Structures are given as C-alpha cells and as structure tokens.
Amino acid sequence: MQVIVFSWEFPPRIVGQLANYVKKLAVQLVKNNIKTYVVTYHDYLTGQQSEPEGIKIYRVTNPVHTHIGVLTWVLTLNQEVERATADIY
3 MQVIVFSWEF
13 PPRIVGQLAN
23 YVKKLAVQLV
33 KNNIKTYVVT
43 YHDYLTGQQS
53 EPEGIKIYRV
63 TNPVHTHIGV
73 LTWVLTLNQE
83 VERATADIY
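This is the structure we're talking about:
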C-alpha cells in the first residue's frame with residue numbers, strides 16, 4: 003500500500019501545529035509498513051528528499067511570486083502539487 007499526504011505545512015516549515023501532526027501521521031504510516039509520501043509547500047526548498055524515518059518528501063514552491071489574491075496563489079500552486087504527484091505515480 004502507498005499513501006500520499008498533502009499538506010501545506012511540514013517541518014522545517016512550521017506555521018502552526020499542522021506540521022507536527024502531519025509528521026507524526028507519516029511516521030506512524032511508515033512504522034506500519036506503508037510506503038508514505040508527503041507533498042508539501044516550501045518557499046525555497048524544492049525537490050525530493052528522504053528523511054531518516056523513511057518518509058519520501060516532495061517539496062514544491064509556487065512559480066508565481068506576485069499574486070492578485072489567494073485564489074491565484076492556490077491555482078498556481080495546485081499545478082506544482084499535481085506535477086509532484088504525477089512524478090510519484
């Protein structure tokens with residue numbers, strides 16, 4: 003079984019408690035022998051990196067840095083999230 007977890011927050015990018023909860027979830031999934039990927043947003047860290055816990059992390063950044071509003075930001079970021087997900091599968 004494989005699981006992809008989508009989160010806009012994952013360590014080292016911590017805005018609130020979501021990052022810690024998502025990391026704990028991913029660690030538990032790996033401990034249960036579930037291949038776990040996390041697709042997350044980061045301002046400048048991009049690409050794949052493996053953590054010691056066995057979590058495959060894909061960090062994406064928004065290619066458009068100036069936005070009219072939050073909707074534009076989300077729409078352009080979603081394209082990068084979809085691209086990372088396509089690389090996984």
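Per this note's numbering, the sequence shown starts with residue 3, numbered consecutively.
All C-beta atoms, glycine included, are put in the ideal place defined by N, C-alpha and C.
Predicted model only: the values in this text are computed from it and were never measured.
Best match in Lys26, Gln4 and Met3 for proximity to Glu11 [C-alpha to C-alpha]
Lys26
Assuming Arg61 and Thr48 make a contact with CB atoms under 8 Å, what is their CB distance in whole Å?
5 Å
When Asn22, Glu82, Ile16 and Val29 are compared against Glu53, the one with the closest alpha-carbon:
Val29
Supposed close pair Val24, Val41 - CB separation, criterion 8 Å:
Actually they are not in contact, since the Cβ atoms of Val24 and Val41 sit about 11 Å apart, beyond 8 Å.
For Asn35, which of Ile57, Thr74, Ala21 and Glu84 has the nearest alpha-carbon?
Ile57
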